[in-house]
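Enquirer:
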Amino acid sequence: RIVYVNGAYLPEEEATISIFDRGFIFGDGIYEVSAVLGGKLVDCEAHLARLERSAGEIGLELPCSRAELVAIHQELISRNNLDEGSIYLQVSRGAADRDFPFPKGVKASLVLFTQARQFANTPLAKTGIKVVSTPDLRWARRDIKSVNLLAPVLAKQFAAENGAQEAWMIEDGVVTEGASSTAWIVKGKTLISRPLSHKVLPGITRTAVLAFLAESGFTFEEREFTLEEALDAEEAFITSATSLVMPVTTIDGHSIHNGAPGPATIRLREIYLDHARKGGVL
Ligand code: PLP
């Protein structure tokens with residue numbers, strides 16, 4: 003694999019980052035993950051807009067422009083002949099001797115790499131995924147896509163140990179979101195997901211689903227929901243750049259409705275895949 007690190011395209015074995023990098027030492031950095039389908043970037047501009055917002059919120063100056071970042075994505079797709087997969091982008095506050103306040107005159111570190119994976123035709127989309135619930139142990143600014151992912155790592159490990167693919171995190175009696183996805187339930191013709199705030203990451207796929215509401219024939223009720231309500235819902239699903247729209251068929255071992263992916267989720271996944279295959283731009 004050819005990866006990008008601070009201006010250079012290198013074989014992954016030759017790419018290095020300083021041990022003093024603040025991303026490594028403090029988790030002082032931000033990231034994005036965007037999908038590639040049919041060799042095309044999916045909603046890349048929206049991901050980069052969110053990156054710029056995350057950077058602004060932590061006072062980090064990005065080392066290159068939006069256009070340059072798009073060009074690096076394109077170059078990695080081409081150098082790796084990537085047809086289907088994802089691109090991970092991380093920016094940290096650079097390498098400096100360890101001290102908490104921002105270092106002066108240090109350039110941010112930028113790393114990008116591709117991961118080839120088949121997510122459009124994954125068998126999980128036919129069976130649905132299993133979810134387990136777990137307390138939300140994250141910090142208070144989850145709207146910033148920070149590389150501090152210890153709580154989601156522990157939540158996903160808990161899910162994996164229990165034969166599940168995702169964890170829904172619970173706080174104040176309601177579902178906040180998935181460890182790496184937005185959580186949704188369906189009742190009749192209504193999609194339900196909680197409002198954006200500092201408590202959740204504003205999902206790009208969430209925005210896409212809402213942009214296709216009229217086309218899909220559903221209405222949206224933006225509100226919090228409890229785990230009990232989710233267990234009793236007609237459908238549940240998650241959205242994220244790499245799971246797209248993914249049915250959730252069991253939560254904590256209980257089947258949702260009849261335990262099979264429901265019509266709303268199937269339809270929304272089709273609409274989003276169609277958009278993504280066309281190299282969709284939100
Ligand atoms: N919420 C969290 C905590 C996430 O980590 C992610 C994606 O990784 C999402 C939601 C979904 O965001 P997106 O649709 O932009 O991938």
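Residue numbering for the sequence shown follows full-length UniProt numbering, starting at 3 and increasing by one per position. Backbone N, C-alpha and C define an ideal beta-carbon position, used for all residues, glycine too. As the structure is a prediction and not an experimental result, all values here were calculated from the model.
On the premise that I258 lies in contact with E237, defined as a C-beta separation below 8 Å, what is that separation, rounded to the nearest angstrom?
Expert: At roughly 7 Å, the Cβ-Cβ gap stays under 8 Å, so E237 and I258 are in contact.
Enquirer: Unbroken beta strand (DSSP E) runs of length 3 or more, entirely within the segment 77 to 146: which are they?
Expert: For the segment 77 to 146, whole beta strand (DSSP E) runs of length 3 or above, ordered along the chain, are 87 to 94, 111 to 118, 131 to 137.
Enquirer: May I ask you to report which of helix, strand or coil DSSP gives L212?
Expert: Note: L212 maps to helix in three-state DSSP.
Enquirer: Could you say which of L50, T136, D99 lies nearest to A166 if we only look at CA atoms?
Expert: A166 has its Cα closest to that of T136, out of L50, T136, D99.
Enquirer: Find out if the Cβ-Cβ distance for the pair L91, V5 is shorter than 9 Å.
Expert: Not a contact, by the Cβ cut-off of 9 Å.
Enquirer: Are there 16 or more other CB atoms within 10 angstroms of the CB of V250, so buried, or fewer, so exposed?
Expert: Per the 10 Å Cβ criterion, buried.
Enquirer: Alpha carbons only, please: which of L50, F28, D45 is nearest the one belonging to F102?
Expert: Nearest C-alpha to F102: F28.
Enquirer: Can you tell me the Cβ-Cβ gap for T178 and K201, rounded? I've got them flagged as a contact below 8 Å.
Expert: Confirmed, about 6 Å.
Enquirer: Pick from A162, S20, P154, N164: whose alpha carbon is nearest that of M171?
Expert: Cα-wise, what sits closest to M171 is P154.
Enquirer: Can you find the residues in the same chain that come closer than 7 Å, C-beta to C-beta, to K189, ignoring five residues on each side of it along the sequence?
Expert: If we look at K189 and ignore the five residues flanking it on each side, its Cβ neighbours are A235, E236.
Enquirer: If you compare alpha carbons, which of G255, N83, L203, L114 is closest to R140?
Expert: Nearest of G255, N83, L203, L114 to R140, Cα basis: L203.
Enquirer: Looking at the secondary structure, which residues open and close the alpha helix (DSSP H) in which S56 lies?
Expert: Unbroken alpha helix (DSSP H) run through S56: 46 to 59.
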